[in-house]
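Student: Residue numbers (my numbering), protein chains in the order written: chain A, 1 to 210; chain B, 211 to 420.
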DNA sequence: AGCTCCTAACTGAACGTTCGTTTGGGGAAC
DNA sequence: GTTCCCCAAACGAACGTTCAGTTAGGAGCT
């Protein structure tokens with residue numbers, strides 16, 4: 001399933017350093033707004049030197065994406081293993097997923113840019129290397145927690161919620177008037193867990209008063 | 211002069227047609243990937259003609275943003291007015307908000323691009339013209355529905371959920387194996403309403419069994 | 001040891017193209 | 001005649017990319 005290719009290139013130290021700079025620049029400004037000269041300047045070399053390691057700009061971007069997206073499933077295993085109760089695991093998973101994106105803005109922004117770009121092949125890479133594992137895991141947990149609900153839809157909802165929150169945080173800072181601290185993040189994760197497990201109403205009351 | 215006038219400029223018919231094309235192109239490809247010549251070609255004119263109506267490319271983009279973001283609060287009023295029960299209004303609001311973004315990909319994509327760009331002034335525009343009204347309305351509803359919860363956080367959660375879902379839909383199509391139809395959208399809205407009002411568990415059970 | 005040969009890594013300079021923008025002028029409407 | 005709208009052409013700068021030439025280092029041979 002994982003798209004760790006049959007052709008596993010050693011990816012020399014120099015190539016890695018190029019990709020490291022490329023991921024930061026592409027994540028920050030987007031593909032079109034980053035020139036080969038910008039990239040060369042960032043690692044104190046010349047444009048021609050980059051062409052010694054990669055055939056063209058597209059290849060650099062594609063390699064940078066793979067570099068960031070690869071091995072995302074590994075860390076997940078540690079989060080979901082163990083035989084805790086499903087709701088405990090789910091909470092841990094939500095916290096982990098939120099941190100995954102908020103602690104790693106390069107990953108988060110590249111994901112968002114790829115969602116906007118909509119390239120079929122690269123969307124598949126994104127889906128398989130970044131999204132699939134958490135999705136399946138949440139789906140599995142939700143199936144145990146709420147067997148009567150659509151587990152896939154629930155999993156989609158939770159991932160969408162986390163991604164949406166991370167993405168919207170600059171706007172939410174203005175709207176709620178609070179800086180986006182680590183504490184705020186934990187609040188969100190706890191809030192999300194409550195939301196998923198119990199909803200936001202204290203108790204379902206059909207007739208609400210004004 | 212980059213100051214935003216409070217007095218609305220007449221915005222001639224020709225200017226509107228330029229902005230209409232600009233919004234589509236900028237939404238689709240992003241600022242850097244759309245050239246003045248692309249834009250001119252789209253409305254069958256020349257680059258120089260555009261410079262008769264706007265001082266530079268930045269001004270076109272800024273005006274295009276304002277064109278798309280303006281008057282977003284108007285339609286909301288029809289959705290929330292009336293004295294239905296808060297949970298009914300909330301459901302209607304969630305459906306409306308989801309459709310707002312999924313029926314209008316130009317708006318949705320420009321919002322996402324602005325969130326990525328992070329320009330302070332334009333983020334403020336986005337916040338005030340697009341986000342603030344739904345946010346305050348949801349916050350108000352949530353305060354009535356769940357007085358003990360953090361209404362602002364709940365409102366942020368709901369908006370994040372809707373935006374995240376719309377944004378993630380291409381990936382979710384692959385993950386769930388279903389095309390993203392109108393029906394699927396309604397399912398999501400209903401699912402979200404259930405989630406917010408009652409959570410996803412059938413009933414809150416502190417001790418879950420394996 | 002010294003010498004040759006090879007290759008990877010890089011440089012400086014340039015290629016042709018496209019970029020945002022400007023200029024000068026032409027034609028229609030008043 | 002002035003004003004508005006637009007065009008063809010061009011500006012310099014930046015773009016992605018190429019290319020001949022220069023290093024540095026190691027392998028192989030004597």
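Every residue gets a Cβ at the ideal spot worked out from N, C-alpha and C, and that includes glycine. No experiment lies behind these values; they were computed from the predicted model shown.
Please state whether the Cβ-Cβ distance between residue 48 of chain A and residue 54 of chain A is less than 8 Å.
Tutor: The residue labelled residue 48 of chain A in the question sits at position 48 within the first chain. The residue labelled residue 54 of chain A in the question sits at position 54 within the first chain. One thing to note: residue 48 of chain A has its Cβ no nearer than 8 Å to the Cβ of residue 54 of chain A.
Student: If we count Cβ pairs, one from each stretch, closer than 8 Å, do we get three or more for the stretch 86-104 of chain A versus the stretch 338-356 of chain B?
Tutor: no
Student: Taking 8 Å as the CB-CB limit, is residue 401 of chain B close to chain A?
Tutor: Residue numbering aside, residue 401 of chain B sits at position 191 when the second chain is read from its first letter. Chain A, which has a Cβ nearer than 8 Å to the Cβ of residue 401 of chain B, makes this yes.
Student: State buried or exposed for residue 211 of chain B, treating a residue as buried only when at least 16 other CB atoms are found within 10 Å of its CB.
Tutor: Sequence index remark: in the second chain, residue 211 of chain B carries index 1 (1-based). In this prediction, residue 211 of chain B has a pLDDT of 35, which is less than 50 and means its spatial position is unreliable; nothing more can be read from the coordinates.
Student: Could you give the distance in angstroms between the alpha-carbon of residue 11 of chain A and the alpha-carbon of residue 86 of chain A?
Tutor: Residue numbering aside, residue 11 of chain A sits at position 11 when the first chain is read from its first letter. Residue numbering aside, residue 86 of chain A sits at position 86 when the first chain is read from its first letter. One Cα belongs to residue 11 of chain A, the other to residue 86 of chain A, and the distance between them is close to 39 Å.
Student: One question on the structure: do residue 119 of chain A and residue 69 of chain A come within less than 8 Å of each other, judged by their Cβ atoms?
Tutor: Indexing the first chain from 1 puts residue 119 of chain A at position 119. Indexing the first chain from 1 puts residue 69 of chain A at position 69. Not in contact: residue 119 of chain A and residue 69 of chain A (Cβ atoms no closer than 8 Å).
Student: In whole angstroms, what is the alpha-carbon distance linking residue 98 of chain A and residue 373 of chain B?
Tutor: Mapped onto the first chain, residue 98 of chain A falls at position 98. Mapped onto the second chain, residue 373 of chain B falls at position 163. Approximately 16 Å between the Cα atoms of the pair.
Student: With respect to the alpha helix (DSSP H) encompassing residue 328 of chain B, which residues constitute its N-terminal and C-terminal limits?
Tutor: Numbered from its first residue, the second chain carries residue 328 of chain B at position 118. Neither: residue 328 of chain B is in no alpha helix (DSSP H) and is coded neither H nor E.
Student: Using the three-state DSSP reduction, which class does residue 43 of chain A fall into: helix, strand or coil?
Tutor: Counted from its first residue, the first chain places residue 43 of chain A at position 43. Here residue 43 of chain A sits in coil by DSSP.
Student: Span of the alpha helix (DSSP H) holding residue 288 of chain B?
Tutor: As a working note, residue 288 of chain B is residue 78 in the second chain. Residue 288 of chain B -> alpha helix (DSSP H) spans 282-290.
Student: Using the beta-carbon count (16 or more within 10 Å), is residue 357 of chain B buried or exposed?
Tutor: Taking the first residue of the second chain as 1, we reach residue 357 of chain B at position 147. Residue 357 of chain B comes out exposed.
Student: Taking Cβ-Cβ distances shorter than 9 Å, what residues in chain B pair up with residue 61 of chain A?
Tutor: Counting from 1 along the first chain, the entry for residue 61 of chain A is found at position 61. Under the 9 Å cutoff, chain B gives no residues; its nearest Cβ is about 13 Å from residue 61 of chain A.
Student: Report yes if the CB atom of residue 157 of chain A is closer than 8 Å to the CB atom of residue 367 of chain B, and no otherwise.
Tutor: Start at 1 with the first residue of the first chain, and residue 157 of chain A comes out as number 157. Start at 1 with the first residue of the second chain, and residue 367 of chain B comes out as number 157. Going by C-beta atoms, residue 157 of chain A is not nearer than 8 Å to residue 367 of chain B.
Student: Are the C-beta of residue 326 of chain B and some C-beta of chain A separated by less than 8 Å?
Tutor: The sequence position of residue 326 of chain B within the second chain is 116, counting from 1. Yes, contact with chain A.
Student: List the residues of chain B that residue 33 of chain A touches, going by C-beta distances under 7 Å, in chain order.
Tutor: Counting from 1 along the first chain, the entry for residue 33 of chain A is found at position 33. Those are 242, listed as they occur along chain B.
Student: Between residue 360 of chain B and residue 195 of chain A, what straight-line distance do the alpha-carbon atoms span, to the nearest angstrom?
Tutor: Residue mapping note: residue 360 of chain B aligns to position 150 of the second chain, counting from 1. Residue mapping note: residue 195 of chain A aligns to position 195 of the first chain, counting from 1. Rounded to the nearest angstrom, the two C-alpha atoms are 12 Å apart.
Student: According to the neighbour-count rule (16 or more other Cβ atoms, all chains shown, within 10 Å of its Cβ), is residue 183 of chain A buried or exposed?
Tutor: Taking the first residue of the first chain as 1, we reach residue 183 of chain A at position 183. Exposed, since its Cβ has fewer than 16 Cβ neighbours within 10 Å.
Student: Using a C-beta cutoff of 8 Å, does residue 36 of chain A count as contacting chain B?
Tutor: Along the first chain, read from residue 1 onward, the residue named residue 36 of chain A stands at position 36. No, residue 36 of chain A does not count as interfacial toward chain B.
Student: First and last residue of the alpha helix (DSSP H) that includes residue 352 of chain B?
Tutor: In the second chain, counting from the first residue as 1, residue 352 of chain B sits at position 142. Segment 342-355, the alpha helix (DSSP H) holding residue 352 of chain B.
Student: 8 Å is my cut-off, CB to CB: does residue 386 of chain B come that close to chain A?
Tutor: Translated into the one-based positions of the second chain, residue 386 of chain B becomes position 176. Output row for residue 386 of chain B: interface = yes.
Student: Work out the CA separation of residue 93 of chain A and residue 75 of chain A for me, nearest whole Å.
Tutor: Residue numbering aside, residue 75 of chain A sits at position 75 when the first chain is read from its first letter. Residue numbering aside, residue 93 of chain A sits at position 93 when the first chain is read from its first letter. Each residue's Cα considered, the two are about 11 Å apart.
Student: On the CB-based measure, 16 or more other CB atoms within 10 Å of its CB, does residue 389 of chain B come out buried or exposed?
Tutor: Against the second chain, residue 389 of chain B aligns to sequence position 179. Its Cβ having fewer than 16 others within 10 Å, residue 389 of chain B is exposed.
Student: Any beta carbon from chain A within less than 8 Å of residue 228 of chain B's own beta carbon?
Tutor: Along the second chain, one-based indexing puts residue 228 of chain B at 18. So no, residue 228 of chain B is outside the interface.
Student: Look up residue 367 of chain B in the DSSP assignment and say whether it is helix, strand or coil.
Tutor: Position 157 of the second chain, counted from the first residue, corresponds to residue 367 of chain B. Correct three-state label for residue 367 of chain B: helix.
Student: With 8 Å set as the bound, which would you pick, yes or no: does the beta-carbon of residue 369 of chain B sit closer than that to a beta-carbon of chain A?
Tutor: Looking up residue 369 of chain B in the second chain gives position 159. Yes - at least one Cβ of chain A is within 8 Å of the one on residue 369 of chain B.
Student: So for residue 244 of chain B, helix, strand or coil by DSSP?
Tutor: One-based indexing of the second chain puts residue 244 of chain B at position 34. Coil at residue 244 of chain B, not helix or strand.
Student: Can you list, in chain order, the residues of its chain whose CB lies under 6 Å from that of residue 282 of chain B, leaving out five sequence neighbours each side?
Tutor: One-based indexing of the second chain puts residue 282 of chain B at position 72. Around residue 282 of chain B: 339 and 340.
Student: I'd like to know whether the C-beta atoms of residue 190 of chain A and residue 109 of chain A end up nearer to each other than 8 Å.
Tutor: Along the first chain, one-based indexing puts residue 190 of chain A at 190. Along the first chain, one-based indexing puts residue 109 of chain A at 109. Going by C-beta atoms, residue 190 of chain A is not nearer than 8 Å to residue 109 of chain A.
Student: Name the residue from B:252, B:322, B:348 and B:268 whose alpha carbon lies nearest to the alpha carbon of residue 298 of chain B.
Tutor: Indexing the second chain from 1 puts residue 298 of chain B at position 88. Out of B:252, B:322, B:348 and B:268, B:348 has the C-alpha closest to the C-alpha of residue 298 of chain B.
Student: Could one say the Cβ of residue 165 of chain A lies closer than 8 Å to chain B's Cβ atoms, at least one of them?
Tutor: In the first chain, counting from the first residue as 1, residue 165 of chain A sits at position 165. Interface residue, yes.
Student: Less than 8 Å between the C-beta atoms of residue 381 of chain B and residue 23 of chain A, yes or no?
Tutor: Taking the first residue of the second chain as 1, we reach residue 381 of chain B at position 171. Taking the first residue of the first chain as 1, we reach residue 23 of chain A at position 23. No.
Student: Quick check on residue 389 of chain B: does DSSP put it in helix, strand or coil?
Tutor: Within the second chain, numbered from 1, the residue matching residue 389 of chain B stands at position 179. Coil.
Student: Just curious, the alpha helix (DSSP H) that residue 359 of chain B is in, first and last residue?
Tutor: As a first step, residue 359 of chain B is located in the second chain; it is residue number 149 there, counting from the start. Note, residue 359 of chain B: premise wrong, no alpha helix (DSSP H); not H, not E.
Student: Closer than 8 Å by beta-carbon distance: list the chain B residues that pair up with residue 25 of chain A, in chain order.
Tutor: Within the first chain, numbered from 1, the residue matching residue 25 of chain A stands at position 25. What residue 25 of chain A touches in chain B, judged by beta-carbon distance under 8 Å, is nothing: the nearest beta carbon there is about 13 Å away.
Student: Just how far apart, CA to CA, sit residue 213 of chain B and residue 51 of chain A?
Tutor: Taking the first residue of the second chain as position 1, residue 213 of chain B is located at position 3. Taking the first residue of the first chain as position 1, residue 51 of chain A is located at position 51. In this prediction, residue 213 of chain B scores a pLDDT of 36, lower than 50, which makes its location untrustworthy; the coordinate-derived value is nonetheless stated afterwards. Answer to the nearest angstrom: the Cα atoms are 43 Å apart.
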